[in-house]
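Q: One structure is given below, represented as structure tokens, and several questions about it will come after.
Chains as they are written, first to last, in my numbering: chain G, 177 to 588; chain B, 177 to 588.
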């Protein structure tokens, strides 16, 4: 098995460091990844990506979520290209604005309207503003450690953030309803909203499925207090359930925030909401230079219709289960204790004996060098383009990676 | 001269109202425009746009700024298409990330690094965070009424905003250095930054060129206090001077925020900054799902290189001057007193006798119905695709529009 080399990547990293703070920042920075992970990419097709050195990878990150049908999905590219050949950015939206809003309202049982922006952070921020406008109250409850974006009110690092930016927030522990009730008691009658992810997918931690009683409990608290229940479906949306990621539980949020997978890689975010919040949503002023562009909306319609027509989520679940079972069996065969967590189509793997992700770093680096792009501390993403053959090839690679983990770090 | 009809637009507006709060929101909502302005568009080419009813317009709004080379500029479309045929959204940036940062640093005398995002609001927000991280201080000074985006800290409407969101701001009057000094005195030694637009382009007001003494005065205040001078070049950037809109004055900001015209309609924002702010910029955490995508960065390189190679800004100035002179002469000939303000390539026109924009509404509506898309209360934008013939055709249309203003509202 050929091991990759990274000469062009190294040269681009050097150049990037001169002209961008840190070279590459944010969630796609490779600075916190072991050697073997490239920073710069050149192309993608289906389940594969190629870095700037021409190294090929089976892509289990899917651009950290956006690529849900596979890179360059034909129906999506056709929709985008058709709009771009007419232009995409005008003095008002195209008719895709209406068609996409109608489609989101059609597929989402709890939605009576939709609203569009560009970033996941735009969507979560707008949802919180709508909740405050609707309730006339100001406190926001959120789970400790949950990621809801990178604006000053929610960015996970303190640099550049003032105490006032985060003053109107209280924290609870995910899946711990008592901690929510304590937070509710703390803010008295000034509770505007609870924002929550459909399951716990904090980076650097094993994922944690939501306890249905927790989800129902949040709904009940919001019903009692008049607070708005915001489901932050930015990361998980369109991979768990097209009706919204809590639809299988029978829990309807008041607002859902989407982005990432909504348009198979084209930039778009959305909030959908209940009728009772329409007036507040209309009152809040938020806008952006490119929010009305037709291309990404055409892409979103093609993406959602393809997901629906092909039963793509069931496919991702089937492929995800094959991968999980294969990894489990391999790890056992090498005497390595691993934990796999989260929905199988958004998998994550850690090593029980790791102190500081040392086995994870070895494992994912050795896999990357051989052509399987996994991630040591962030959940992975499958797409509808992943096949049984991709899983077989991946398992050939991870077999070697597990062997090396065993050799370097020993059993455990 | 054929007057437009709007049947399909009306039907889309009806459908939009059902599924989107307010139908269309933000700066591209036609709700605050008179009849005759379409809400939905189908295509653009060069200096022209067509609405969903097939009505053609000479486009003097350019998507509210983004379209600086004209719709579907060949070099830009080629660059985007080439990247999209390889995919655009991966697990890291493409090499355009490096090339675009290098290009921005090359053309901007005060820039040692560049940083990328999607919305103008992302750029202004990041700039303020960098200033706070760098200075360890928290107050931001800004001009009363200046638009710097639509996040909770800067959105112009109060709905959904808490007092804490705007607590660390003090206001001054544009072009009034004394009012800045008063605001500086108010915040004592806790001044992080001054954010300012290169000229005053607040909606609903005549534009106001910057007084060079004001710009130099802000620079001096920042030098004395250690505060960061942020030029919000989101709206004006790439239309005034490729080195930055205050380069002609010899005033170098510490940070500049760009978006809108940077990629001729493709979604991108940037901050460029001085070396001394690199460490703070690296410390602030901000990221977004689509911030690393290659397509819009390829478009930005093509846009900036074309602007430079074709001396496009000088062309826009020449065409803008023709339009201004023509409108001035026409208005005079009808005994109508108008004010034209701002740089000629970002023009604006008001009627001196208007109480509530009534002549502006009549004028722009009658122009829109006949194929010239102007705006009654927001500055206009020229692109490099506008020609002398476009101005001639526009003046034929505005001649009728002025006549109607004169007939409906009388002389004055």
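Think of the CB as a built atom: it goes at the ideal place given N, C-alpha and C, for glycine as much as any other residue.
1) Using only the alpha-carbon positions, how far apart do residue 385/G and residue 350/G sit?
2) Quick one: measure Cβ to Cβ for residue 326/G and residue 462/B, integer angstroms, because I've assumed they're closer than 8 Å.
3) Which bits of chain G does residue 208/B rub up against, with CB to CB less than 8 Å?
4) Determine the extent of the beta strand (DSSP E) in which residue 516/B is found, giving its start and end residues.
5) Would you kindly report the start and end of the unbroken beta strand (DSSP E) that includes residue 232/B?
6) Run through the stretch 232–298 of chain G for me and flag every whole beta strand (DSSP E) of 3 or more residues, listed as ranges in chain order.
7) Skipping 5 residues on each side, what residues in its chain have a beta carbon closer than 7 Å to that of residue 566/B?
8) Along the chain, where does the alpha helix (DSSP H) that runs through residue 371/B open and close?
9) Would you call the stretch 420–440 of chain G in contact with the stretch 207–214 of chain B, where contact means no fewer than 3 C-beta pairs closer than 8 Å?
10) With a threshold of 9 Å between beta carbons, is residue 355/B in contact with chain G?
11) On the criterion of 16 or more Cβ atoms from any shown chain inside 10 Å, does residue 289/G qualify as buried, or is it exposed?
12) Quick one, which of 232/G, 250/G and 270/G has its alpha-carbon nearest residue 187/B's?
13) Residues in the same chain with beta-carbon distance under 7 Å from residue 189/B, minus the five sequence neighbours each way, listed in chain order, please.
14) In three-state DSSP terms, what is residue 209/B?
15) Considering only C-alpha positions, which residue in the set 312/G, 304/G, 335/G and 329/G is nearest to residue 146/B?
16) Does residue 548/G come out as helix, strand or coil in the three-state DSSP assignment?
17) Given residue 506/B, which residues of its chain have a CB within under 8 Å of its CB, disregarding the five upstream and five downstream residues?
18) Would you check if the distance between the CB atom of residue 524/G and the CB atom of residue 487/G is smaller than 9 Å?
19) Flag residue 288/G as yes if its beta-carbon sits less than 9 Å from any beta-carbon of chain B, otherwise no.
20) Keeping to the same chain, check which residues put their C-beta closer than 7 Å to that of residue 496/B; ignore five residues upstream and five downstream.
21) Please state whether DSSP places residue 381/B in a helix, a strand or coil.
22) Under 8 Å by Cβ, that's how I've got residue 394/B and residue 370/B pegged, so tell me the actual separation to the nearest angstrom.
23) Leaving aside the five residues before and after residue 359/G along the sequence, list all residues of the same chain whose C-beta is less than 7 Å from its C-beta, in chain order.
24) Tell me the DSSP secondary structure of residue 582/B in three-state form.
25) Comparing C-alpha positions only, which one of 332/G, 218/G and 328/G sits nearest to residue 341/B?
26) Let me see if you follow: with CB-CB separation under 9 Å, is residue 516/G close to chain B or not?
27) For the stretch 231–250 of chain B, which residues have a CB atom closer than 9 Å to at least one CB atom of chain G, in sequence order?
28) Please tell me whether residue 555/B has its Cβ less than 9 Å away from any Cβ of chain G.
29) From the DSSP secondary-structure annotation, give me the bridge partner or partners of residue 220/B.
30) Note down the Cα distance separating residue 588/B from residue 230/B, rounded to an integer number of angstroms.
31) In chain B, which residues lie less than 7 Å from residue 435/G when you measure between Cβ atoms?
32) Return helix, strand or coil for residue 452/G, following the three-state DSSP convention.
33) Return the CA-CA distance between residue 465/G and residue 444/B, expressed in angstroms with no decimal places.
34) Can you list, in chain order, the residues of its chain whose CB lies under 7 Å from that of residue 280/G, leaving out five sequence neighbours each side?
35) Looking at chain G, is there any beta carbon in it that lies within less than 9 Å of the beta carbon of residue 217/B?
36) With three or more C-beta pairs closer than 8 Å as the rule, is the stretch 472–482 of chain B touching the stretch 527–547 of chain B?
A: Short version:
1) By 1-based counting over the first chain, the position of residue 385/G is 209. By 1-based counting over the first chain, the position of residue 350/G is 174. Rounded to the nearest angstrom, the two C-alpha atoms are 10 Å apart.
2) Along the first chain, read from residue 1 onward, the residue named residue 326/G stands at position 150. Along the second chain, read from residue 1 onward, the residue named residue 462/B stands at position 286. The pair is a contact, with the Cβ atoms about 4 Å apart (cut-off 8 Å).
3) Within the second chain, the letter at position 32 stands for residue 208/B. The contacting residues do not exist; residue 208/B stays about 12 Å from chain G at best.
4) Counting from one through the second chain, the residue named residue 516/B turns up at place 340. Its beta strand (DSSP E) spans residues 514–517.
5) Locating residue 232/B in the second chain gives position 56, where the first residue counts as 1. 232–235 is the extent of the beta strand (DSSP E) around residue 232/B.
6) With a minimum length of 3 residues, the continuous beta strand (DSSP E) runs that stay inside the stretch 232–298 of chain G are 232–235 and 289–293.
7) Here residue 566/B is taken as the residue at index 390 of the second chain, counted from 1. Answer for residue 566/B: 223 and 234, listed in chain order.
8) As a first step, residue 371/B must be located in the second chain, where it is residue number 195. Bounds of any alpha helix (DSSP H) do not take in residue 371/B; it lies within the beta strand (DSSP E) bounded by 367–372.
9) no
10) Against the second chain, residue 355/B aligns to sequence position 179. It does not: the Cβ of residue 355/B has no partner Cβ on chain G nearer than 9 Å.
11) As a working mapping, residue 289/G is identified with position 113 in the first chain. Buried, since its Cβ has 16 or more Cβ neighbours within 10 Å.
12) Stepping through the second chain from its first residue, residue 187/B is reached at position 11. Selected option, being the one with the closest Cα: 270/G.
13) As a first step, residue 189/B must be located in the second chain, where it is residue number 13. Around residue 189/B: 199 and 215.
14) Locating residue 209/B in the second chain gives position 33, where the first residue counts as 1. Of the three classes helix, strand and coil, the one that applies to residue 209/B here is coil, per DSSP.
15) The displayed coordinates of chain B run from 177 to 588. Any statement about residue 146/B would go beyond what the structure contains.
16) Numbered from 1 along the first chain, position 372 holds the residue referred to as residue 548/G. Here residue 548/G sits in strand by DSSP.
17) The sequence position of residue 506/B within the second chain is 330, counting from 1. Contacts found: 571, 574, 575 and 578.
18) The residue you call residue 524/G lines up with position 348 of the first chain. The residue you call residue 487/G lines up with position 311 of the first chain. Here residue 524/G is not near residue 487/G, since their CB atoms are 9 Å or more apart.
19) In the first chain, counting from the first residue as 1, residue 288/G sits at position 112. By this cut-off, residue 288/G is an interface position.
20) As a working mapping, residue 496/B is identified with position 320 in the second chain. 520, 521, 523 and 558, listed in sequence order.
21) Counted from its first residue, the second chain places residue 381/B at position 205. DSSP places residue 381/B in coil when its eight states are reduced to three.
22) As a position in the second chain, residue 394/B is number 218, starting the count at 1. As a position in the second chain, residue 370/B is number 194, starting the count at 1. At roughly 6 Å, the Cβ-Cβ gap stays under 8 Å, so residue 394/B and residue 370/B are in contact.
23) As a position in the first chain, residue 359/G is number 183, starting the count at 1. 317, 346, 347 and 348.
24) Along the second chain, read from residue 1 onward, the residue named residue 582/B stands at position 406. If DSSP states are grouped into helix, strand and coil, residue 582/B belongs with the helices.
25) Along the second chain, read from residue 1 onward, the residue named residue 341/B stands at position 165. Measuring from the Cα of residue 341/B, the nearest candidate turns out to be 328/G.
26) Locating residue 516/G in the first chain gives position 340, counting from the first residue. Not an interface residue.
27) 233, 235, 237, 238, 239, 240, 241, 242, 243, 247 and 248
28) To locate residue 555/B, count along the second chain from 1; it is residue 379. Closer than 9 Å: no.
29) Residue 220/B sits at position 44 when you count from the first residue of the second chain. Answer by DSSP bridge pairing, in chain order: 225/B.
30) The residue labelled residue 588/B in the question sits at position 412 within the second chain. The residue labelled residue 230/B in the question sits at position 54 within the second chain. Between residue 588/B and residue 230/B, the C-alpha separation is close to 36 Å.
31) Here residue 435/G is taken as the residue at index 259 of the first chain, counted from 1. What residue 435/G touches in chain B: 465.
32) Reading the first chain from its first residue, position 276 is the one you call residue 452/G. Helix, per DSSP.
33) Walking along the first chain from the start, residue 465/G turns up at place 289. Walking along the second chain from the start, residue 444/B turns up at place 268. Taking the straight line from one Cα to the other gives about 9 Å.
34) For the purposes of this step, residue 280/G is taken as the residue at position 104 of the first chain. If we look at residue 280/G and ignore the five residues flanking it on each side, its Cβ neighbours are 287, 290, 446 and 448.
35) Within the second chain, residue 217/B is the residue found at index 41, counting from 1. Yes, its Cβ sits closer than 9 Å to a Cβ of chain G.
36) no
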